[in-house]
Amino acid sequence: MDEHPGPISEHPQLPLARYRLRFRAVEDFALREDPRGLWHGVFGRALREACCVVNLPACPGCLLLHQCQYSYLFTAPRPPDAELMRRYDTVPVPHVFQIDDASARDLRVGDTLDLAIVLVGAANSRLPLVVAALAAAGSNGLGA
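When we follow my numbering, the leftmost residue of the sequence shown carries the number 15, and every step to the right adds one.
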């Protein structure tokens with residue numbers, strides 16, 4: 015009689031971790047847009063600058079697309095061997111920004127902004143790169 019081992023896990027686990035960073039304003043500024051979107055954009059720019067070795071104008075068509083840390087963390091192309099989501103070119107990005115919207119709109123010199131980023135799954139193993147990119151984004155400034 016063959017034994018059926020059953021499901022691997024009744025409750026599969028997806029590692030989630032929330033990391034908090036604090037930034038201090040070096041000049042006064044007021045944000046006119048959703049700060050999460052702004053941080054997402056400056057994070058993407060800093061991450062691409064840190065990771066991209068090919069310098070193509072866009073990721074599709076790059077020979078390193080599925081080995082690149084930038085594409086994994088930011089553009090999220092569907093892995094070629096994926097069993098799920100075969101109809102899509104991309105999958106959800108493995109990060110989410112969380113910001114207290116009220117405190118992030120108007121900052122004066124010396125004020126702090128607390129930013130949290132939730133990393134999902136294997137993105138947690140890229141934490142040093144994520145922190146470095148966020149630090150670079152904060153140092154480079156948020157917009158004009």
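The beta-carbon is built from N, C-alpha and C at its ideal position, and this holds for glycine as well.
Beta-carbon proximity list for residue i, same chain, < 7 Å, skipping 5 on both sides
i    : result
G152 : F37
D103 : P91, R92
P70  : According to the sequence as given, residue 70 is Leu; it is not Pro. Excluding residues within five positions, the ones whose Cβ falls inside 7 Å are C76.
C65  : C82, Q83, Y84
Distance between residue j and residue i (C-alpha atoms, nearest Å)
i    : j    : result
E41  : Q112 : 22 Å
L156 : P94  : 35 Å
R122 : P49  : 16 Å
L141 : E47  : 27 Å
V56  : L148 : 8 Å
A136 : A96  : 15 Å
R34  : D114 : 12 Å
A146 : D120 : 25 Å
H18  : Q27  : Bear in mind that a pLDDT of 47 at H18, under 50, signals an unreliable position, so the model cannot answer this.
N154 : L129 : 16 Å
Residues that DSSP places opposite residue i in a beta bridge
i    : result
Q112 : A130
T104 : P91
6 Å Cβ shell around residue i - same chain, five flanking residues per side excluded
i   : result
G20 : Because G20 carries a pLDDT of 49, less than 50, the predicted location of this residue cannot be relied on, and the following value inherits that uncertainty. Nothing listed; no residue qualifies.
Test item: CB-CB of residue i and residue j under 8 Å
i    : j    : result
F88  : G51  : no
A31  : A150 : no
P108 : L133 : yes
Close-in-space but distant-in-sequence residues of the same chain around residue i (CB under 8 Å, 5 per side omitted)
i   : result
R62 : Y84, F88
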